[in-house]
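Chemist: Sharing a structure here in structure tokens format.
Protein chains: 2
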Amino acid sequence: MTPTFPADELAERLRRVRERMAAQGLDWLVVTDPANMHYVTGYDGWSFYTPQCVVVPLDGDLALLTRGMDANGARLTTTLGDDRIFGFPDEFVQQPDRHPMDWIAGVLRDRLGVRGTVGLEMDSYYFTPRAYEALKAGLSGARTTDSQQLVNWVRAVKSDRELELMRAAARIVERVLATALEAVDPGVRQCDAVAAISATGIRGTEDAGGDYTAFVPMLPTGPGTSTPHLTWSDAPFKHGEATILELAGCHRRYHCPLARTVFLGDPPSKLADTAKVTVEGLETALAAVRPGVTCEEVEGAWRRHIAAHGLEKASRIGYSVGAAYPPDWGEHTMSLRPGDRTPLQPNMTFHMIVGMWMDDWGFETSETFLVTETGAECLARFPRELAVKP
Amino acid sequence: MTPTFPADELAERLRRVRERMAAQGLDWLVVTDPANMHYVTGYDGWSFYTPQCVVVPLDGDLALLTRGMDANGARLTTTLGDDRIFGFPDEFVQQPDRHPMDWIAGVLRDRLGVRGTVGLEMDSYYFTPRAYEALKAGLSGARTTDSQQLVNWVRAVKSDRELELMRAAARIVERVLATALEAVDPGVRQCDAVAAISATGIRGTEDAGGDYTAFVPMLPTGPGTSTPHLTWSDAPFKHGEATILELAGCHRRYHCPLARTVFLGDPPSKLADTAKVTVEGLETALAAVRPGVTCEEVEGAWRRHIAAHGLEKASRIGYSVGAAYPPDWGEHTMSLRPGDRTPLQPNMTFHMIVGMWMDDWGFETSETFLVTETGAECLARFPRELAVKP
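Okay, here's the thing in structure tokens:
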């Protein structure tokens, strides 16, 4: 497999990670978030269902520790030397009386010499309390501390190569949305529509194959549109109902999400009116984007616009986005909401999603945008309005 | 949406959960594993990317706590009363200075009266160390303890309704494997084959639509067959190489996994010979299955067979399987391996997977089986041998 990133890009990432480690007083960093492990090594495999990590010293070589059977996966997808890949014995998997992190902590302590102040990703998926306690007990000579979202923050500003991957994902999601709008029809089973949607996304384009997305297709329909994260069933779509489509294109783990809403029939005026104001609000917020403007200022532009039309929304309208593994394509750093005073920088990327969930109906639309020197560039091109199939 | 399970089945599940709670001395149980949340309430949504839980008192009503925008999803997919569903404010999502579990702990303590001995799922996906510390700090009047795999163990023995869903998933995976064997061909892009595979799985059958699987299709090819958990790229399959297909059918969250291996061309004798012994070993192990036999005895039958042919395998050959959410369809209870002395019982279900991963090649085959009164019933019917496409 061709490496996704050249060696100098990986080196530059590591340099930026270490800069932050030094600033936070960390001697070592234990990376457990699969997207962060991918970011610092290129490692790519569905092995995060058993404990694993990449260990980053302030100086010296990285090491990757995973289940024994997955060690070859690390050999095939990274440039780490054989002696920097450690596979734990299978007898540690899912046992009541021992834990893979017991074994991993032993290697960290005795073979890699991990000591001093060690940063842990205390809120990363797939790092459990039991894993944490085993690691802490095994690293008795070290002081552990929350690294917070150290690597996630490094990921916030994208390289040209990363943007190339996200643009490829944007081409994919345009096809995915077109497939979805064609497939959703009265009497069609939801699962049959999602089969078509998924096939288009995974096929991708001629130049860039599709990868699995960090969310499966979100497809709430009818009264389900009052909430965003329902998936599908084998019941048919109905005339006179709306369906929310929160989908994404993904290429080599890089995502371009995009949400739209479709109505089968003649939409009620409350939905049509809300859709109109929501799309305008999204466009108003996009127009507010430029370097130096803060996340909360972008959200403020949206908030003021919809308030003028008697609407409000309690939840954030977006978040930083990029490379990801299930269950989330967000990067867990910046959010477009009140209180987030992070200034935007060129080459940051966000998914701005304005979801209006009411008692028993709702509307969503979204854009994935790049912060340029002068404003926001939406990566995908697709009509934002409520789609209506009479 | 028709409820997947009748009320009396949910009541019986809860009775069995409480029986174990009493035996383990628990006054309350905080369920964070999405499959366990689904098991005790029927809740189904992709909301596990932010913290959530179901709280089970030894007596009294359950409660479900999730992100505000997902509360309607709980109203739509469970029979919990409105006053038993709590949505946390969005300002708690992904913040450095507060955590959703701060809010959740407050509700548990002040509104639900959680005290005494509280069981936590210390090794469940999506329950992080930071969430744990917030919960523990907030439940200052309670003593927390690891509930271990309490609900998972209750799930081990399936009801007739659950087996009906798994049989539907078996019909789906038969189609999925057939699609895969047809799609994998020299020059075909891996992503194009997976597009076809995924579409077949999500479409399902006329009677039972497909759901998303807890693993995406595993499709290591060429030297990648030396390791099990690589996904796909947009490179083409090559003549003269093997591809491992670890796939599943899924219906309403219930899985029937099935793995096979296909060779494009004339397979080398080492692969053909290993495949033959491996399939025989699988069949020997299946023949050893009956109620009262232990997990390690089943594995022993496999181990002795392959040892007689000069082979060995360091990792377990199977695990309990059923309802699941990403990233794993295993139930994290029983494993078919040395040291697991759990006796088999009727209506337990396992995925027996014999993967032989060598230096730069490998072979896998598997069966999902039900323990009957007299032996093992394989749920799917599909030839087990190395598939060869000359």
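Residue numbers (my numbering), protein chains in the order written: chain R, 26 to 415; chain W, 26 to 415.
C-beta atoms are modelled at their ideal positions from N, C-alpha and C, and glycine is treated no differently.
Does DSSP classify Ser360(W) as helix, strand or coil?
Modeler: The residue given as residue 360(W) occupies position 335 in the second sequence. Strand, per DSSP.
Chemist: Going by the beta-carbon positions, is the gap between Cys78(W) and Leu90(W) smaller than 8 Å?
Modeler: Position 53 of the second sequence, counted from the first residue, corresponds to residue 78(W). Position 65 of the second sequence, counted from the first residue, corresponds to residue 90(W). Yes, these two residues count as a Cβ contact at 8 Å.
Chemist: What first and last residue would you give for the beta strand (DSSP E) that runs through Lys496(R)?
Modeler: Because chain R is modelled from 26 through 415, residue 496(R) falls outside the range shown and cannot be assessed.
Chemist: Contact between the region 94-102 of chain W and the region 373-390 of chain W: three or more CB pairs below 8 Å?
Modeler: no
Chemist: What residue ranges within the region 195-238 of chain R form continuous alpha helix (DSSP H) runs of no fewer than 4 residues, ordered along the chain?
Modeler: 215-228
Chemist: Just the chain W side, please: which residues come within less than 8 Å of Arg341(R) by C-beta, in chain order?
Modeler: Residue 341(R) sits at position 316 when you count from the first residue of the first sequence. By Cβ distance, chain W contributes Asp115, Val118.
Chemist: What number of angstroms, rounded off, separates the C-alpha of Ile342(W) from the C-alpha of Asp365(W)?
Modeler: To locate residue 342(W), count along the second sequence from 1; it is residue 317. To locate residue 365(W), count along the second sequence from 1; it is residue 340. Straight-line Cα distance between these residues: approximately 12 Å.
Chemist: Hey, out of Val139(W), Phe73(W), Tyr68(W), whose CA is closest to Gly106(W)'s CA?
Modeler: By 1-based counting over the second sequence, the position of residue 106(W) is 81. The candidate whose alpha carbon is nearest that of Gly106(W) is Tyr68(W).
Chemist: List the whole-angstrom C-beta distance separating Ser172(R) from Leu54(R), where the pair is believed to meet the contact cut-off of C-beta under 8 Å.
Modeler: As a working note, residue 172(R) is residue 147 in the first sequence. As a working note, residue 54(R) is residue 29 in the first sequence. Between Leu54(R) and Ser172(R) the Cβ distance is about 6 Å, and since that is below 8 Å, they are a contact.
Chemist: Would you mind telling me which residues of chain R sit closer than 7 Å to His254(W), beta carbon to beta carbon, in chain order?
Modeler: Residue 254(W) sits at position 229 when you count from the first residue of the second sequence. Residues of chain R passing the Cβ test: Gly70, Trp71, Ser72, Asp95, Gly98.
Chemist: Taking 8 Å as the threshold (beta carbon to beta carbon), is Pro82(R) in contact with chain W?
Modeler: Within the first sequence, numbered from 1, the residue matching residue 82(R) stands at position 57. No - not a single Cβ of chain W is within 8 Å of the one on Pro82(R).
Chemist: Could you tell me which of Gly380(W), Leu51(W), Leu404(W) sits nearest to Leu83(W), measuring between CA atoms?
Modeler: Locating residue 83(W) in the second sequence gives position 58, where the first residue counts as 1. Considering only alpha carbons, the answer is Leu51(W).
Chemist: Taking the alpha-carbon positions, what's the Met147(R) to Pro59(W) distance?
Modeler: Along the first sequence, one-based indexing puts residue 147(R) at 122. Along the second sequence, one-based indexing puts residue 59(W) at 34. In a straight line, the C-alpha of Met147(R) is about 20 Å away from that of Pro59(W).
Chemist: Under 7 Å Cβ-Cβ, which residues of chain R neighbour Met373(W)?
Modeler: Counted from its first residue, the second sequence places residue 373(W) at position 348. Near Met373(W) there are no residues of chain R at all, since even the closest Cβ is about 16 Å away, more than 7 Å.
Chemist: Just verifying my parser: in three-state terms, what is the DSSP assignment at His330(W)?
Modeler: Locating residue 330(W) in the second sequence gives position 305, where the first residue counts as 1. Per DSSP, reduced to three states, the secondary structure at His330(W) is helical.
Chemist: Considering Glu392(R), what are the terminal residues of the beta strand (DSSP E) in which it resides?
Modeler: Numbered from 1 along the first sequence, position 367 holds the residue referred to as residue 392(R). First-last of the beta strand (DSSP E) with Glu392(R): 387-396.
Chemist: Name the residue from Ala205(R), Ala181(R), His124(R), Thr204(R) whose alpha carbon lies nearest to the alpha carbon of Ala159(R).
Modeler: As a first step, residue 159(R) is located in the first sequence; it is residue number 134 there, counting from the start. Nearest C-alpha to Ala159(R): His124(R).
Chemist: Where do the ends of the beta strand (DSSP E) carrying Thr66(W) lie?
Modeler: Translated into positions along the second sequence, residue 66(W) becomes position 41. Not the beta strand (DSSP E): Thr66(W) falls in the alpha helix (DSSP H), residues 59-66.
Chemist: Residues of the region 228-241 of chain R in Cβ contact with chain W at a cutoff of 8 Å, in chain order, please.
Modeler: Correct list: Arg228, Gly229, Ala233, Gly234, Gly235, Asp236, Tyr237, Phe240, Val241.
Chemist: What does the alpha-carbon distance come out to for the pair Phe288(R) and Asp298(W)?
Modeler: Residue numbering aside, residue 288(R) sits at position 263 when the first sequence is read from its first letter. Residue numbering aside, residue 298(W) sits at position 273 when the second sequence is read from its first letter. Whole-angstrom Cα-Cα distance: 57 Å.
Chemist: Alpha carbon to alpha carbon, how far is Met274(R) from Ala36(R)?
Modeler: Indexing the first sequence from 1 puts residue 274(R) at position 249. Indexing the first sequence from 1 puts residue 36(R) at position 11. It should be noted that the sequence gives Gly, not Met, for residue 274(R). The straight-line gap from Cα to Cα measures roughly 27 Å.
Chemist: Do you know whose CA, among Gly380(W), Thr153(W), His330(W), Pro316(W), lies nearest Thr397(W)'s CA?
Modeler: What you label residue 397(W) is simply residue 372 of the second sequence in a count that begins at 1. The option with the nearest alpha carbon to Thr397(W) is Pro316(W).
Chemist: Is there a Cβ from chain W that is less than 8 Å from the Cβ of Arg157(R)?
Modeler: Taking the first residue of the first sequence as 1, we reach residue 157(R) at position 132. This sequence places Tyr at residue 157(R); Arg is not what is there. Answer yes: the Cβ-Cβ gap between Tyr157(R) and chain W drops below 8 Å somewhere.
Chemist: State the Cα-Cα distance for the pair Val118(R) and Phe407(W), rounded to the nearest angstrom.
Modeler: One-based indexing of the first sequence puts residue 118(R) at position 93. One-based indexing of the second sequence puts residue 407(W) at position 382. Looking at the backbone, the Cα of Val118(R) and that of Phe407(W) are separated by about 29 Å.
Chemist: Assign Glu266(R) to one of three DSSP states: helix, strand, or coil.
Modeler: Taking the first sequence and counting its residues from 1, the one referred to as residue 266(R) is at position 241. Reduced to three states, the DSSP call for Glu266(R) is coil.
Chemist: Identify the continuous beta strand (DSSP E) that holds Pro82(R) and give its terminal residues.
Modeler: For the purposes of this step, residue 82(R) is identified with residue 57 of the first sequence, where counting begins at 1. Looking at the DSSP string, the run of the beta strand (DSSP E) that includes Pro82(R) is 78-82.
Chemist: Please classify Ser294(R): is it buried, with 16 or more other beta-carbons within 10 angstroms of its beta-carbon, or exposed?
Modeler: If you number the first sequence from 1, residue 294(R) lands on position 269. Exposed, because fewer than 16 other Cβ atoms sit within 10 Å of the Cβ of Ser294(R).
Chemist: Going along chain W, which residues have a C-beta under 7 Å from Ser251(R)?
Modeler: Locating residue 251(R) in the first sequence gives position 226, where the first residue counts as 1. Among the residues of chain W, those whose CB is under 7 Å from the CB of Ser251(R) are Asn97, following chain order.
Chemist: Against chain R, which members of the region 165-178 of chain W pass a CB distance test of less than 9 Å?
Modeler: Asp171, Gln173, Gln174
Chemist: List the endpoints of the continuous beta strand (DSSP E) containing Thr170(R).
Modeler: What you label residue 170(R) is simply residue 145 of the first sequence in a count that begins at 1. Run containing Thr170(R): 167-171, per the beta strand (DSSP E) assignment.
Chemist: Tell me the rounded alpha-carbon separation between Leu369(W) and Glu324(W).
Modeler: Within the second sequence, numbered from 1, the residue matching residue 369(W) stands at position 344. Within the second sequence, numbered from 1, the residue matching residue 324(W) stands at position 299. Looking at the two C-alpha atoms, the distance is approximately 12 Å.
Chemist: Examine chain R for any beta-carbon lying closer than 8 Å to the beta-carbon of Val182(W), and answer yes or no.
Modeler: Looking up residue 182(W) in the second sequence gives position 157. Taking Cβ atoms only, chain R never reaches closer than 8 Å to Val182(W), which makes this a no.
Chemist: For a cutoff of 8 Å on Cβ pairs, would you count Ser223(R) as touching chain W?
Modeler: Taking the first residue of the first sequence as position 1, residue 223(R) is located at position 198. Cβ-Cβ to chain W under 8 Å: yes for Ser223(R).
Chemist: Comparing the C-beta of Met191(W) with each C-beta of chain R, is any distance below 8 Å?
Modeler: What you label residue 191(W) is simply residue 166 of the second sequence in a count that begins at 1. Met191(W) does not count as touching chain R.
Chemist: Go ahead and label Asp232(W) buried or exposed: buried means 16 or more other beta carbons lie within 10 angstroms of its beta carbon, across all protein chains shown.
Modeler: Indexing the second sequence from 1 puts residue 232(W) at position 207. Exposed is the call here.
Chemist: Compare the Cα-Cα distances from Thr367(R) to each of Thr252(R), Phe394(R), Trp178(R), Gly85(R) and report the closest residue.
Modeler: Mapped onto the first sequence, residue 367(R) falls at position 342. It is Trp178(R).
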